[in-house]
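Engineer: Before anything else, here's the structure in question.
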Ligand code: ADP
Ligand code: 5GP
């Protein structure tokens, strides 16, 4: 089926520690036509994180300059750090036809909701708060204070779950990956992604 050339937009949010990064990494490794938009952040890199792969790690001053030049399609302050999606990098991917995953918080998702009506919004939940705490502990790189802050913020973010089109409870990792792939596959078949010219040329002559 002939598709429109612009890729789909998939906005994924979750309380920190729910497993969003893990799920997205699996999806990306299995699907060459799905890309993740790499965000800019003022947060310091965690162990093993690479500049340009996990994030573009920048100084606060650079981030503020990017805001004033309107270089972000959305940005937000999360857990005391700034995070934003570069307009140029995002448009580059979508206009090349890639389906693009935005791993962003609920504030950013709200901004994208307002400016990209074609976006698909997915919220990932942990099976319980107890499991969320354990997963944050397993990640080790968070200080105790940082962990408390993330847990407090989780409650605020979870309240926004109904702003999203879909909710995935990330219990068994493999199942969650399949569920997210199913949402992406379904979106690819939506009627508004079919090229009207292809219908006309093939069926209506
Ligand atoms: P987020 O990106 O949502 O903050 P991560 O992907 O970093 O969360 O996951 C937090 C921790 O939970 C990591 O140690 C990860 O390996 C683990 N994790 C993620 N998904 C699952 C799952 N389904 N079952 C068990 N552990 C998981
Ligand atoms: P972390 O510090 O754990 O990598 O990310 C913290 C939070 O920031 C997560 O909820 C993540 O989705 C969010 N985040 C990452 N990049 C962006 C971004 O570009 N914009 C917004 N609004 N949030 C982001």
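Residue numbers (the UniProt record's numbering): 1 to 205. C-beta atoms are modelled at their ideal positions from N, C-alpha and C, and glycine is treated no differently. Treat the numbers as computed from the prediction; the structure is a model and nothing was measured.
1. Report the partner residues of residue 83 according to the DSSP bridge assignment.
2. Among 15, 56, 180, whose alpha-carbon lies nearest the alpha-carbon of residue 130?
3. Who are the near neighbours of residue 109 in its chain, counting only those whose CB is closer than 7 Å to its CB and skipping five residues on each side?
4. Tell me whether residue 195 is buried or exposed, calling it buried when 16 or more other Cβ atoms sit within 10 Å of its Cβ.
5. Could you pull the DSSP bridge partners for residue 103 from this structure?
6. Measure the CB-CB distance between residue 85 and residue 39 and report whether it falls below 8 Å.
7. Following a CB-centred definition, is residue 173 positioned closer than 7 Å to any heavy atom of ligand 1?
8. So, are the CB atoms of residue 35 and residue 100 less than 8 Å apart?
9. Count the CB pairs spanning the stretch 155-171 and the stretch 48-56 that are closer than 8 Å, and state whether there are at least three.
10. Could you tell me whether the stretch 14-33 touches the stretch 146-155, where touching means 3 or more Cβ pairs closer than 8 Å?
11. Looking at the secondary structure, which residues open and close the alpha helix (DSSP H) in which residue 63 lies?
12. Using a Cβ-Cβ cutoff of less than 8 Å, which residues in the same chain neighbour residue 72 once the five nearest sequence positions on both sides are dropped?
13. Here's the rule: buried if 16 or more other CB atoms are within 10 angstroms of the residue's CB, otherwise exposed. What is residue 37?
Structural biologist: According to the structure shown:
1. 41, 76
2. 15
3. 11, 13, 121, 163
4. exposed
5. 12
6. yes
7. yes
8. yes
9. no
10. yes
11. 60-68
12. 40, 66, 84, 85, 86, 87
13. buried
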